[in-house]
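If you read the protein sequences in the order shown, they are chains R and V.
Okay, so the first sequence: first residue is 9 according to the working numbering, each after it adds one.
Okay, so the second sequence: first residue is 149 according to the working numbering, each after it adds one.
Every residue gets a Cβ at the ideal spot worked out from N, C-alpha and C, and that includes glycine.
For reference, the structure is listed below as structure tokens.
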Amino acid sequence: MTVVDSPLNRYLDAARQPDAEQAGAPVDAERGAAFDELAAPDGTPRPAWAALVDDLARATDDLASARREVARLLEDDNVTYTPSPTSAHSVADLREESGAAQPALEQPRPWRLDPIPLVLHDREWATLEAGVVQRAELLDAVLADLYGARRLLARGQLPPAVVLDHEEYLRPVVGAEHVVDQRLFMTAADLGRDATGAWKVISDRTQAPSGAGYAMQNRRVVSRVLPEIYHAAHLHRLTPFFQAMRVALVESAPSTVEDPRVVVLSPGTHSETAFDQAFVASLLGFPLLEGSDLLVRDGRVWMRVLGRLEQVDVILRRVDSTWMDALELRGGSRLGVTGLLECVRQGTVSVVNTIGSGVLENPALLPFLPDLCERLLGEPLRLPSVDTWWCGDREGLAYVRGHLDELVVRAVNRGAGRSVVGSALSRDQRERLLARIDAAPHRFVGQEVLPLSSAPTVPDDTDAGGALVRRSVVLRSFAVRSGSSYTAMLGGLARTNDEHATDRGALVTAPDGGVAKDVWVVSSEPVPASRSASTRSRADEGSAIAPGAAAAAMVPRVLSDLYWFGRYAERAEDLLRIVLVSRTVMLETDADVRPGHALDVLLRAVTHVSTTYPGFVGALGPDGSLAERRAAVMPELRSLLLDRRRAGSVAQSVAALGATAQGVRDQLSEDVWMVLADVERALGTLAGQPRDQGLHLVEAGERVLSGLLALTGIAGENMVRDPGWLLLDTGRGLERALQVLSLLRATLVDSYGPDVDRVVVEAALTSSESIVTFRRRYRGRSGVSAVLELMVLDPSNPRSVAYQLQRMQADLRAVPSTSPTARPLRLLDNLAEQVRTADPVALATVTRPDDGADADLPARRDALEAFCAELHAGLRDLSTAIRDQYHEPPPTQQSLPRQQALRRGPGAPRETLTDDSQIGLGAVVPQRFAGAASERRAGGAR
Amino acid sequence: MTRYRIEHVTTYEYDADVTGSFGQFHLTPRDLPWQTVLEHRVGVEPGPATLLSHTDLYGNTKSSFHVTDPHTRLVVRAVTQLDVVPPVLPPEALAVAWEDARPAVRTEEPDAWEAADFTFASPYVDVPAAVEAYARESFTPRRALGEAATELMHRVHDDFTYKPRSTIIGEKVVDLLVKRHGVCQDFSHVMVAGLRSLGLAGRYVSGYLATRPPPGRPRLVGADASHAWVGVWVPGAGWLHLDPTNDRLTDASHATVAWGRDYGDVPPVRGVIFTEAKHSSMKVSVDMAPAA
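This is how it looks when you write it as structure tokens:
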């Protein structure tokens, strides 16, 4: 059965008649009829696709909705990629001189994924796989030699200029015995097809290869968008690759360790591939850490866990080598672990990929690989590289100069800028580039421009019934160590160029730009289920490889993030509630904003509670005319929900919630992301209604509120009660206690008479979810003392201050290594005592204004004010004590001043170096915060 | 032969407790055909939790330590006794035309590939076009290597003013060519850059220089500092060492500690400390005295 008129079939038809340019699917005239992944030259689907094509055609009939569905699922999982500002300049561009402003930090962008996978037959794959595995073995042998015996250099099999002037050839590592032992753990290769359809390697990724996590995420999304096809296809799974990776990590441990502790080291949530890092960590069930979580002591690496140290045996490194040790590599780096290299040298910890492995990314190695393969492995190189000319030899230089328009020019060192297509250069760029090549020819290569294959892709601007377009494809393959050889992923990460591709040429090797594709390796026969009979999760793949082992690493940063996760969630929730209540009161009182009336008191409470001054107490306060004040209410309430830059707003709390969640992605249920995505959507909808009179505000507010309640549910029902959870719950309790006190203080201290008090009290109780209890319990009574009893003193009311204190006591007592006399617990005891002994009747007593005072002035409950202020201060102290106890920040790291060699000859005036500051060495002490963010970015593995 | 006792003391002081101090030092002089180390020891105070040494790819002894006792004062003291004779190279080796002393054209020499490591720009030695122009004045076509290198040394000595505290560590060669002053480290970096600009192998040597007191004055103990000079590769014969700060070839008053591509490969002491201290100071004292 054939679906005649689907985009996929039209794509096939177009391939048959290359002259008839289908709209949106032009055949690139210069490239001729490049190899198409789907369509054979006669317009029939290639064998790998044959069994799938009809189902695929049907499933992708409505391209726009398929694309939307993919985008939604990616958003639900918060899959992002952060473009690197450093990749902006090319080898032919003018370079900013020193002193140039730091490039602004880029915001994470949504990961883009095409619904249509790249489908390859496993017969073809087998050839490719053998090549990928052999290449990993070869690169491993080269790496071992370059950092070990260095025979290749000594015997002239590799010219010194290829290796010795490469920025990733790290001399402190050369000759270190245990470094050589660790060798190459994982490698990736970017592959493209030539005109005949044969695969060639464009570049090798050996520093700290990224993308395996994205590949798995792509698989999960596509399998959910195309479930029937996914299950019908005889598809090789990705899970075995991650199982192999897990085994290999454990086996990488120093030989003396029995049950090794493996961690994933990330440059942080600002790095380009932060999602990939976190996702791989959670797939493998190893903790995701940052440099500040680790330290060196007694010649070993430890992580700081709840006030004690736990030894770390294996570090899966996602930080670039040069940033790994501030002592011996890049001074001032905070991304690595100071003193690490000596531990590596002593063999007490394994770092994979081994520090210095980036030297293999050098494209000047490519022309030498066939020969090296014969020498080192004794067999011919199976998988060719793109034709590459190294300008360090005379013939290579002459060729590149003579054929610039046909070549891609790449700098040997990545830091020198991204590669350029010769034909796309302006005259100035061309001259600049040639001058740079002449000045240091050995730092450049020219490479053939691969035609690359094309694959059917849903265009960005597609609408229902739109057409598929042909887009060039680059495939990233992955191989991980397995015993003495390597295992390749049965699949990979494919990327197609996007609409901005022209200014980059056909290259899509940079992960930015471009749209990803899932890679399906299919068999003609059913594929046996993967060896571990894992329970089928919702997507069949990608659940944790070793769920039991996913023991959380309770390093201070993680505990701090979870604590703040609790606080931000509660803060957003409490503000929303009072905003919603205020909106109701506004309707009920016909927006009566007169000073001293209920709405006015409530609105000022909104500002006090959220500390978003001046807000309703400032310029919006009693000074303006009533009409102005009335008109200002809705914009201010909107701003409190939507303005992300405003500290205290709902949007800001939600953003902070997302940021803290990102830092502890491996600790949280994936449902968290779905909830957060929906919260963001609700806020987005409201933002799209600028003329809203309140209807949308309420609707969005309720949606956000239900999202936040769902978070509470997830935390309550789905999270293990480990120290992380206990701190999260503590954060929630602390924030709630603070919020309740602020609310009571803002609404009850000033008394405007029984009528106003009644409305305000009801609103405060409603916003604290206690109105029902209140009515039932204190039937008829509406006194402030009853409110205080319920909201402050009653330990059985989960909204009361007393309840929060008990909750925090229980939480913190359960955190291991918290002594009963720890400061947070002592402070809690004091606070609980204050609350227990409080007298609600006394607190509710109103002090009459002095005789002769302005009659409009409210009466005050001074005792209540003092009580709230005292408790509030106590809670602030508690927060500090919790930080000191559990989030103990690592001490500041500085470089020592360095001494200049200063000796002068006999008879010369004597000079004694006494004070570093006199010779300007003070500058070597890094600033604590300056550049931290850009450092994270620069050190981030790609 | 001359025998020396060398004491090199580096003292750091901080205005608040340092809770962890990682250090690495190059303070152990090398054994060389012209230098024999008789006795050597290094002490760190407070006593380090770990103190380890290894030999780096250039054959230098690199040591690293980790002090974990809280302290406000850190002292690294190295004491060495050694014998030095003036190094000699065969005159015919130095007569080679400098073009033929470039490692890239002498691949038949077994150590050419290692010498090649010293022909590229390195973190502290940039090789701007200006330094090539400067060096070429001495390196005229086919001139003998020894002669040309010695003249370059003279010119660096004459054109640059020795001026302590006028430069920072890591001053770029391109800037030094404009400033024309600096300390011995800067003199050496400029000369090394000049050699590399021509494809020659130039290395940076860290060590000590024995000083004679001015006539009639006693020798001041501890007033010396560490010193630096330059090596240029001589095919088939090793390295010729030149001291551009003092305008002379190295002799029995130069004690060699370590060499590398530049200062950054072999700083006497460097470190990273963990502290909330706002200010730190460093004092260096070197004493190189003739020993019995």
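Does DSSP classify residue i as helix, strand or coil?
i: P91 (chain R); result: coil
i: Q183 (chain V); result: strand
i: W8 (chain R); result: Since the first residue shown for chain R is 9 and the last is 950, residue 8 (chain R) is missing from the structure and cannot be characterised.
i: R80 (chain R); result: helix
i: K431 (chain V); result: strand
i: K426 (chain V); result: coil
i: T255 (chain V); result: coil
i: I586 (chain R); result: helix
i: A938 (chain R); result: Low confidence applies here, because A938 (chain R) scores a pLDDT of 26, under 50, leaving its location unreliable; read the following figure in that light. Of the three classes helix, strand and coil, the one that applies to A938 (chain R) here is coil, per DSSP.
i: H239 (chain R); result: helix
i: G373 (chain V); result: A small correction: the amino acid at residue 373 (chain V) is Ala; Gly does not occupy that position in the sequence shown. Coil at A373 (chain V), not helix or strand.
i: Y407 (chain R); result: helix
i: D44 (chain R); result: strand
i: L161 (chain R); result: helix
i: E439 (chain R); result: helix
i: G513 (chain R); result: Its pLDDT being 45, under 50, G513 (chain R) is placed unreliably in this model, and the value from its coordinates should be taken loosely. DSSP places G513 (chain R) in coil when its eight states are reduced to three.
Per DSSP, which residues does residue i bridge with? Please list them.
i: L154 (chain R); result: Answer by DSSP bridge pairing: none, since L154 (chain R) is not bridged.
i: R884 (chain R); result: R884 (chain R) pairs with nothing; no bridge assigned.
i: P239 (chain V); result: None; P239 (chain V) has no bridge partner.
i: R744 (chain R); result: Paired residues: none, contrary to the question.
i: T668 (chain R); result: According to DSSP, which records beta bridges pairwise, T668 (chain R) is partnered with nothing at all.
i: L222 (chain V); result: V:Y160
i: Y352 (chain V); result: V:V378, V:G408
i: L388 (chain V); result: V:V380
i: I323 (chain R); result: R:V271, R:V359
What does residue i reach in chain B if we use C-beta pairs closer than 7 Å?
i: Q172 (chain V); result: In the structure shown, chain B does not exist; the protein chains are R and V.
Considering only the alpha carbon of each residue, which of the options lies closest to residue i?
i: P449 (chain R); options: R:V854, R:R312, R:V417; result: R:V417
i: V849 (chain R); options: R:V792, R:T281, R:G721, R:V187; result: R:V792
i: K208 (chain R); options: R:D306, R:S827, R:L389; result: R:L389
i: D212 (chain R); options: R:R591, R:S485, R:P806; result: R:S485
i: L851 (chain R); options: R:L813, R:L820, R:P803, R:M799; result: R:M799
i: R856 (chain R); options: R:V757, R:C351, R:M727; result: R:V757
i: L237 (chain V); options: V:D435, V:W387, V:V417, V:V420; result: V:W387
i: L178 (chain R); options: R:A261, R:A881, R:A203, R:L368; result: R:L368
i: C399 (chain R); options: R:L441, R:R254, R:A745, R:R435; result: R:L441
i: K525 (chain R); options: R:A432, R:H895, R:A157, R:A223; result: R:A223
i: D44 (chain R); options: R:D62, R:L128, R:R76; result: R:L128
i: L180 (chain V); options: V:A264, V:R221, V:V233, V:G364; result: V:V233
i: N505 (chain R); options: R:S218, R:L121, R:I890; result: R:L121
i: V203 (chain R); options: R:Q319, R:S462, R:F193; result: The residue you asked about is not Val; residue 203 (chain R) is Ala in the sequence shown. Ranking R:Q319, R:S462, R:F193 by Cα distance to A203 (chain R) puts R:S462 first.
Could you please give the first and the last residue of the uninterrupted alpha helix (DSSP H) stretch that includes residue i?
i: S490 (chain R); result: That residue, S490 (chain R), is in no alpha helix (DSSP H); its beta strand (DSSP E) goes 477 to 490.
i: W331 (chain R); result: Note, W331 (chain R): premise wrong, no alpha helix (DSSP H); not H, not E.
i: M149 (chain V); result: First-last for M149 (chain V): undefined, no H or E at that position.
i: V170 (chain R); result: 168 to 171
i: V394 (chain R); result: Segment: none, V394 (chain R) is in no alpha helix (DSSP H) and carries neither H nor E.
i: F452 (chain R); result: F452 (chain R) -> not in any alpha helix (DSSP H); beta strand (DSSP E) instead, spanning 452 to 456.
I'd like the span of the beta strand (DSSP E) that includes residue i, first residue to last.
i: A419 (chain R); result: 415 to 419
i: G412 (chain V); result: Where G412 (chain V) is concerned, there is no enclosing beta strand (DSSP E), given that its DSSP letter is neither H nor E.
i: I363 (chain R); result: Taken as a continuous stretch (DSSP letters only), I363 (chain R) belongs to no beta strand (DSSP E), as it is neither H nor E.
i: V270 (chain R); result: 270 to 274
i: K210 (chain V); result: 209 to 215
Worksheet entry | Touching by the beta-carbon criterion (3+ pairs, under 8 Å), the region 653 to 665 of chain R and the region 564 to 583 of chain R | yes
Discussion item. Quick check: the region 296 to 309 of chain R against the region 229 to 249 of chain R, are at least 3 beta-carbon pairs closer than 8 Å?
Written reply: no
Worksheet entry | Touching by the beta-carbon criterion (3+ pairs, under 8 Å), the region 810 to 827 of chain R and the region 730 to 744 of chain R | yes
Discussion item. Can you confirm whether the region 304 to 314 of chain R touches the region 697 to 705 of chain R when touching is taken to mean that 3 or more C-beta pairs between the two stretches lie within less than 8 Å?
Written reply: no
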